[in-house]
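Residue numbers (our numbering), protein chains in the order written: chain A, 10 to 508; chain B, 4 to 368. Each remark here refers to the structure printed beneath this line.
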Amino acid sequence: MNSTPILELRKATKRYAGIPAIEDVDFTLLTGEIHSIIGENGAGKSTLTKVMAGVVQLSSGQMLVEGEVVSPQTPNDALKMGVAMVFQESALVPTMTVAQNLFLGQEKFFNRLRGIYISAQQFLQSLQFDVDPTAQVSLLGAAKKQMVEIARAVLHEAKVIIFDEPTASLTPEEKKYFFDLVFKLKARGVSVIFISHALEEALLVSDRITILRDGKQVVTDMASKFDRERIVQAMVGRDLSQTLYGQRKTFVRRQGKRVLSVQNLRMAAMVKNNSLSVFAGQVTGVFGLVGSGRTETFKVVAGIIKRDFMHGGEVLLNGKPVRYFVPASAIRDGIAYVTEDRKIEGFFETKSIADNIYLGLLAKLGGSRFLVSNKEAAAVGEHWIKRLNVRAISKDVKAIELSGGNQQKVVIAKSLVQDPQIIIFDEPTRGVDVGAITEIHDLINRLADEGKAVVVISSYLPEIMALSDRILVQRMGKVVEEYSATEANEEKIMYAAIH
Amino acid sequence: MITAISEWIDRQLGRGSASITVPVFDGALKSNRYIEDARVLATLDAPEDLATDGAAVFVTDGAKVLQILPEGLKEVLQAHGTITALACMPGGGFALAIDGKEVCIEGGTHHGRHWRTVNGHPLCAVNAIALGVNGLLVVTDGSTELEYAQWKRDLMSLGKTGRVFELDPQTGDGKLLAANLHYAFGACSIGDQLWVSESWKHHVVGIGAGTRPVSVTDDLPGYPSRIVPAAGGGAWLTCFILRTQLVEFVLREPTYRKRMIAEIDPAYWIAPALNSGNTFLEPMQGAQLKMMGVVKPWAPPRSYGLVVRLDAQGLVRYSLHSRFDGKNHGISAAAECGGYLYVVSKGSKRLLRIDIAQTEKELTQ
Chain A
10 MNSTPILELR
20 KATKRYAGIP
30 AIEDVDFTLL
40 TGEIHSIIGE
50 NGAGKSTLTK
60 VMAGVVQLSS
70 GQMLVEGEVV
80 SPQTPNDALK
90 MGVAMVFQES
100 ALVPTMTVAQ
110 NLFLGQEKFF
120 NRLRGIYISA
130 QQFLQSLQFD
140 VDPTAQVSLL
150 GAAKKQMVEI
160 ARAVLHEAKV
170 IIFDEPTASL
180 TPEEKKYFFD
190 LVFKLKARGV
200 SVIFISHALE
210 EALLVSDRIT
220 ILRDGKQVVT
230 DMASKFDRER
240 IVQAMVGRDL
250 SQTLYGQRKT
260 FVRRQGKRVL
270 SVQNLRMAAM
280 VKNNSLSVFA
290 GQVTGVFGLV
300 GSGRTETFKV
310 VAGIIKRDFM
320 HGGEVLLNGK
330 PVRYFVPASA
340 IRDGIAYVTE
350 DRKIEGFFET
360 KSIADNIYLG
370 LLAKLGGSRF
380 LVSNKEAAAV
390 GEHWIKRLNV
400 RAISKDVKAI
410 ELSGGNQQKV
420 VIAKSLVQDP
430 QIIIFDEPTR
440 GVDVGAITEI
450 HDLINRLADE
460 GKAVVVISSY
470 LPEIMALSDR
480 ILVQRMGKVV
490 EEYSATEANE
500 EKIMYAAIH
Chain B
4 MITAISEWID
14 RQLGRGSASI
24 TVPVFDGALK
34 SNRYIEDARV
44 LATLDAPEDL
54 ATDGAAVFVT
64 DGAKVLQILP
74 EGLKEVLQAH
84 GTITALACMP
94 GGGFALAIDG
104 KEVCIEGGTH
114 HGRHWRTVNG
124 HPLCAVNAIA
134 LGVNGLLVVT
144 DGSTELEYAQ
154 WKRDLMSLGK
164 TGRVFELDPQ
174 TGDGKLLAAN
184 LHYAFGACSI
194 GDQLWVSESW
204 KHHVVGIGAG
214 TRPVSVTDDL
224 PGYPSRIVPA
234 AGGGAWLTCF
244 ILRTQLVEFV
254 LREPTYRKRM
264 IAEIDPAYWI
274 APALNSGNTF
284 LEPMQGAQLK
294 MMGVVKPWAP
304 PRSYGLVVRL
314 DAQGLVRYSL
324 HSRFDGKNHG
334 ISAAAECGGY
344 LYVVSKGSKR
354 LLRIDIAQTE
364 KELTQ
């Protein structure tokens, strides 16, 4: 790292409909520096980085790249200036292959597909990313999509790479590769901006840390001068460290009726003879590395994907075999699935909060509701905004304009409005700030206390351990181990997930 | 017609009733070693059932009834045949089932009372006696065709001739409470209901006065057998054998079963057993039994040891196991007395004892 600034923002302000998302932010990125930007959802991190990447333009203030005042109007402009961004939500073209996505925008007049695949294969291997370049992106899991995004940024030889929550969906081993890659980029003189809610990661990899709160810069300092408590204090203005993952579970809720029984389930190569039960009044945590078949198992349960046509096993809901071909049937039977990929599957981004939540209710009611009532939609929206503490100017704000944490609350509200008996949360706090994490965790616990059967699928071990009454560990398509919350520890769970 | 077509399609596609799945041991049914690690009080010749009067515990051993004392076992009764079920009478004495074909009372105020038939129904495979309301006896009879020792043949023949009788020791009268059960094996009065194990259906049903039988706990991973009341409400349920996908598959293949029953020694049938691992002639259960000379505890079990603690609503609170690599399999009876759970492992012919408070603390904390 040297002291020459490669990118600067001076008095940067961005307003949406007159309301500042960031205000008077001064930010300096040095050459070869890893700089973390930390803050709650809604603090302005994404806006700040979107300004740098040319996605949005400043309302006032200046942006300088290598000392020159610039104003990128598009991400392509920013890329030409050497600023690339890996977005939190996938920005890949789902119908194209991995290789096509990597070289998108760099195509020649005549393209030899085989040549692209070979180049992509070599490049991905050099990054130690285990991704098939011929695979269609829509068929990849979240982690592999993230890998492709990272690879694309590296391929463009950017001088500044902005990573927005890059590790949220990566396994511990993949994270290690990722950080090795970041350090390699740094050694080559590339500057990295790193946005993460995993504070330990930020402390570990960063040279400097900037903390934002409510769109304003609170502090910028060397990473060595921070610890977890200081960061959390600066982020939220209150001490949350003891409530968030800070304390181990000392009791286990008594299990109620077996609501869901999955028996010898099979789904292509992802789910192999998987069996598990979910009980009322408990939080069942499901942990496993990416590709272990956790999400697929529960997507079969929720009717989003289908199990094998022949000898696919059985799913029993309250003792009765069920087989759903569409999610609406599962919803009507009281199964709600809160997706891990909220932007693609979770909500309609151009619809308002109230409309999105009301759509959840309509999914439950099916054809029985002939006419849509705007009045009812508004009332339902307002009720759930209040109940889940969604921070928005009004119920009519479009979902896309919300921060990650508040978008997640809308997705959850969309499911809870259906009054389900089983709620499956897939990565419920992925890309969500610490304040919203606490609220979502409280909500999950409240649902279990109310007697609902709650499933939490998470790649983040402290989250699984903080929430679950029983923890199922999946590996290679099936549950291989079960622990009660009191007997589990990180080593045991990880060992079961890997070996 | 439509049902037949639907069943044929299910059979071809391996779905619906032909999906051949078994529930998993998880949650409160998660495997442990409490039965395997239980204290062995004695090894007997032919242990079968247990009974308690609240102060003492008695175990049957062939034709004998033995009292369990701190210093050992003491014979208190010699019957005229093999005892297949035992219960302590409220006024002293025992109710016994002899060879499964006779129920008699030995000792106490109703000494000498006995039943070979009930309302014209001859008893055939009496396997459990429990105390009902108002001093009545509840008796489960597994089959009208096959005697008690032939339970495996009844399972493989998809027997559904189980019955439950209510006997009045005062008058000698009897009443048929339920019939055509898929092997009735064990009963217990809980609240205003009578819980009955229907083994081949893997569930416990509750029979109330004037109401239709309702499922108390269903889709068990084992075949439930005797039920006894537990202190603090609820009951102890023993599962004498376990379900496996292989056996479930064989049960759907009538031609195969017919030939197997006709031509092969029952000890080597593809069927559950009270103990296993004794000979290489035993059929595999879908996986290798040993790996590098070590028995795999997770291999599909031919025999197993399982006792389930149910609460008053029939929900499983916790369970005690002897896994596939253990010895204490084929749990046929349990009885709670003085803070201990006494268990008969018919497979290993052992009488076992488990400290309930300690176990409960460890399993429910």
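Note that beta-carbon positions come from the ideal geometry of N, C-alpha and C, so glycine has one too.
Listed in chain order, the non-local C-beta contacts of Ala212(B) below 8 Å within the same chain comprise Asp195, local neighbours out to five positions each way being set aside. DSSP places Ala278(A) outside any alpha helix (DSSP H), giving it a letter other than H or E.
When secondary structure is reduced to three states using DSSP, Phe327(B) falls in the coil class, being assigned neither helix nor strand. Below the 7 Å Cβ cutoff, chain A contributes Glu491 as neighbours of Lys33(B), in chain order. When rounded, the separation of the alpha-carbon atoms in Asp64(B) and Leu284(B) is 29 Å.
Taking the Cα of Glu109(B) as reference, the smallest distance to any Cα among Thr258(B), Gly135(B), Gly95(B) and Cys340(B) is reached at Gly95(B). Residue nearest to Ser306(B) within the set Arg255(B), Ser335(B), Val319(B) and Ala98(B) is Ser335(B) (criterion: CA-CA distance). According to the DSSP assignment, Ile5(B) belongs to the alpha helix (DSSP H) that extends over Ile5 to Leu16.
Taking the Cα of Ala133(B) as reference, the smallest distance to any Cα among Gly103(B), Leu99(B) and Gly225(B) is reached at Leu99(B). Of all C-beta pairs linking the region 465-478 of chain A to the region 446-453 of chain A, three or more are shorter than 8 Å, placing the two stretches in contact. Interface residue (Cβ-Cβ distance to chain B less than 7 Å): Gln272(A) is classified as such. Judged by pairs of C-beta atoms under 8 Å, the region 27-45 of chain B touches the region 322-330 of chain B, as three or more such pairs exist.
Per DSSP, reduced to three states, the secondary structure at Asp52(B) is strand.
Identification of residues in the region 465-489 of chain A having a C-beta nearer than 9 Å to some C-beta of chain B yields Arg479, Leu481 and Val488, given in sequence order.
For Arg262(B), no beta strand (DSSP E) run applies; the uninterrupted alpha helix (DSSP H) run containing it begins and ends at Pro257 to Glu266, by DSSP. According to the DSSP secondary-structure assignment, Tyr186(B) is paired through a beta bridge with no residue. The Cβ-Cβ distance between Pro224(B) and Pro26(B) falls below 7 Å. Fully contained in the region 318-400 of chain A are the following beta strand (DSSP E) runs of length 3 or more, in chain order: 323-326, 329-331 and 344-347. Going by DSSP, Ile449(A) is part of the alpha helix (DSSP H) stretching over Val443 to Asp458. Buried is the label assigned to Thr164(B), since at least 16 other Cβ atoms lie within 10 Å of its Cβ. Gln153(B) has a beta carbon lying at 7 Å or more from every beta carbon in chain A. Contacts with chain A at 7 Å (Cβ-Cβ) do not include Pro224(B).
Residue pairing for Lys178(B): DSSP places it in a beta bridge opposite Glu169(B). With its beta carbon at least 7 Å from every one in chain B, Glu305(A) lies outside the interface. Taking 4 residues as the shortest admissible run, the region 25-112 of chain A contains the following complete alpha helix (DSSP H) segments, listed from N- to C-terminal end: 54-61, 84-89 and 107-111. In terms of beta-carbon proximity, His320(A) lines the interface with chain B, with at least one pair separated by less than 7 Å.
Under the Cβ criterion (8 Å, minimum of three pairs), the region 136-153 of chain B counts as touching the region 180-188 of chain B. Residue environment: Asn498(A) is assigned as exposed (fewer than 16 neighbouring CB atoms within 10 Å of its CB, all protein chains considered).
Going by C-alpha positions, Phe168(B) is about 25 Å away from Gly333(B). For Thr13(A), the secondary structure class from DSSP, reduced to helix, strand or coil, is coil.
Closest in C-alpha terms to Leu16(A), from the list Leu113(A), Tyr25(A), Ser80(A) and Gly440(A), comes Ser80(A). Taking 8 Å as the Cβ-Cβ cut-off, the region 323-334 of chain A approaches chain B at Glu323, Leu325, Gly328, Pro330 and Arg332, given in chain order. Think of a sphere of 9 Å around the beta carbon of Ser22(B): the chain A residues whose beta carbon falls inside it are Gln272, Asn273, His320, Gly321, Gly322, Glu323 and Pro330, in chain order. For a cut-off of 8 Å, the C-beta gap from Val310(A) to Leu476(A) is around 19 Å, too long to register as a contact.
The C-beta of Leu240(B) comes no closer than 7 Å to any C-beta of chain A. Within chain A, the residues placing a beta-carbon under 7 Å from that of Gly17(B) are Met319 and His320, ordered along the chain.
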